[in-house]
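**Q** Residue 245 in the UniProt record's numbering sits at position 245 of the sequence shown, with consecutive numbering throughout.
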Amino acid sequence: KKIRVLMLMPILKSHRKMSPFLLKRKVFTESKPLLDELLEVQHFRAIYNIFVAVFCIFILRAVLVDFIDTGRDLRCRLLMKSYSFLRETVPPVLQSRSNDGKMHLPQFSTYLYFLFCPTLIYRENYPRTPRVRWRYVIKNFAKFLMSLFYGSMLFKCCSIPIFSNMNKQSLTFRSFVLIVFSATLFAFYWAILIWYTFFHCWLNAFAEMMCFADRTFYKDWWNATSTSAFLRSWNVVVHDWLYCYIYQDLLWVFKSKAQSVAVLFTFIVSGAFHEYIFMMSFGFFYPLLFIFCTTNLPPIFFTEILGMPSTNIILWIRILFGVALLFSMQSLEWYARIHCPVQKVRTRGTGLHKLWSLYTRLEALP
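#1: Going residue by residue through the region 128 to 199, where are the continuous alpha helix (DSSP H) segments of at least 4 residues, counting only ones entirely within it?
#2: Looking at the unbroken alpha helix (DSSP H) that takes in L288, where does it start and where does it end?
#3: If I'm right that M221 touches F230 with Cβ under 8 Å, what's the distance once you round it to whole angstroms?
#4: Starting from N204 and walking both ways along the alpha helix (DSSP H), at which residues does that stretch end?
#5: Alpha carbon to alpha carbon, how far is E37 from I47? Give it in angstroms, no decimals.
#6: Just checking my contact of M209 with V137 at CB under 8 Å: how many whole Å lie between their CB atoms?
#7: Between F116 and Y122, how many whole angstroms is the CB-CB distance? I'm expecting something under 8 Å.
#8: Could you tell me the alpha carbon to alpha carbon distance between W190 and N235, rounded to whole angstroms?
#9: Classify F230 as helix, strand or coil using the three-state DSSP reduction.
#10: For L352 and I338, what's the separation of their Cα atoms in angstroms?
#11: With 16 as the cutoff for other CB atoms within 10 Å, does A224 come out buried or exposed?
#12: Between A213 and the rest of its own chain, which residues show a CB-CB distance below 6 Å, the 5 nearest in sequence each way excluded?
#13: Spatial neighbours of I80 within its chain, please: CB distance less than 6 Å, with the 5 preceding and 5 following residues excluded, ordered by chain position.
#14: Can you check whether the CB of A142 is closer than 7 Å to the CB of A324?
#15: Suppose you measure from the CA of F254 to the CA of I268; what does that come to, to the nearest Å?
#16: Exposed or buried, what is G283 when buried is set at 16 or more other beta-carbons lying within 10 Å of its beta-carbon?
#17: Please classify H239 as buried or exposed, where buried requires at least 16 neighbouring CB atoms within 10 angstroms.
#18: For the candidate residues I192, W252, H43 and R135, whose alpha-carbon lies nearest to that of F206?
#19: Are three or more beta carbon pairs between the region 279 to 295 and the region 195 to 203 nearer than 8 Å?
#20: Quick one: what does DSSP say F51 is sitting in, helix, strand or coil?
#21: Between which two residues does the alpha helix (DSSP H) carrying Q248 extend?
#22: Please work out which residues of its chain come closer than 6 Å, Cβ to Cβ, to P106, disregarding the five sequence neighbours upstream and downstream, and give them in chain order.
#23: Starting from G283, trace the alpha helix (DSSP H) in both directions and tell me its first and last residue.
#24: Based on the DSSP output, what are the partners of F212 in its beta bridges?
#25: Could you round the C-beta distance between V237 and P118 to whole angstroms and report it? I think they count as a contact, below 8 Å.
#26: What does a CB cutoff of less than 8 Å around M279 pick up in its chain, not counting 5 residues either side in sequence?
#27: Compare the C-alpha of V180 against each of M329, Y196, C56 and E124 and name the closest.
As structure tokens, then:
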């Protein structure tokens, strides 16, 4: 011990001779960020508000330019919500006015909540959760972003190499069949990814933020054995709107005597809405989805009215082939408009599409 003390004596003497500034140690204390303290002053707060206002101007500019250039917005969803709001509020208002002479109008807060909650059916009250689980919200938004990245990589690795080079070779019936069947797997993956991204991640995140307790956005459509069961379960949000405001209204008009007419008109309206969304997304009218929606009527007729058997395997075969055909023809039309321009063909006036112009290049079948 004496030896250690003797060895440390020079070090202790040197510490005594050092400047007191070199002997200071870091002391952690509770403190606020400097900018937060400055933002409590009104003048600095005004500068912060200016930057926020400029940010809002940039967002408004981006929205307006995108709307002017492409004309794409949320008019389909807002139209369905507005129709539901009018259908659910106008009759009670008129009835209350006729009874006591006073108009009982709905509250603006309920309408504002209805605009943002993930449903298309208006009600004065919805089942609500007691609190917002922000960890669950962040988790769903993270899954949403990861699914978008996964979908973009899947599209880049599988779709673009097949369809982007279609102008370099002649499109034959054989090559078209090979394209459709080769696109079956990744087209199905892409469709499942889109469904999972929107109906599970996006809608559940917004439902949690809005404390919306009814999370039945879809059912077990993968276990369906008929076309009607599949259509009722894969998109419950739109199905409820079509059932309440199209199908039931037609049954009320025709006094339940024309159920087939109501089903047919419901499918036509559904196909028109889905085709409108596709048209605004891709920028051209190509009524494949409308045709696919209306061609679901024969399977429903054969399975439910005539009683023909249907299994889950048959339904999955129809889903896989339908998704692959829709994805392939839509992609061919997209790249045909880029690589194979038609000489002065009035596509808007005649309804002629670029893909149909490629039929002049089809080789004769053996």
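Backbone N, C-alpha and C fix where the C-beta goes; we use that ideal spot for every residue, glycine too.
**A** If we stick to the structure as given:
#1: 134 to 154, 160 to 163, 173 to 182 and 184 to 195
#2: L288 to T294
#3: The sequence given here places Trp at residue 221; Met does not occur at that position. W221 to F230, Cβ: 5 Å. Contact.
#4: L203 to M209
#5: 14 Å
#6: 6 Å
#7: With 8 Å as the limit, F116 and Y122 do not qualify as a contact, their Cβ atoms being about 13 Å apart.
#8: 17 Å
#9: helix
#10: Residue confidence for L352 is low, a pLDDT of 44 falling below 50, so the modelled location carries little weight; the figure read from the coordinates is stated next. Their Cα atoms are separated by approximately 15 Å.
#11: buried
#12: P127, R128 and T129
#13: It should be noted that the sequence gives Met, not Ile, for residue 80. Excluding residues within five positions, the ones whose Cβ falls inside 6 Å are L120 and W241.
#14: no
#15: 17 Å
#16: exposed
#17: buried
#18: R135
#19: no
#20: helix
#21: Q248 to V253
#22: T89
#23: Counting along the chain, G283 falls outside any alpha helix (DSSP H), and DSSP gives it neither H nor E.
#24: R128
#25: 7 Å
#26: F285 and Y286
#27: M329
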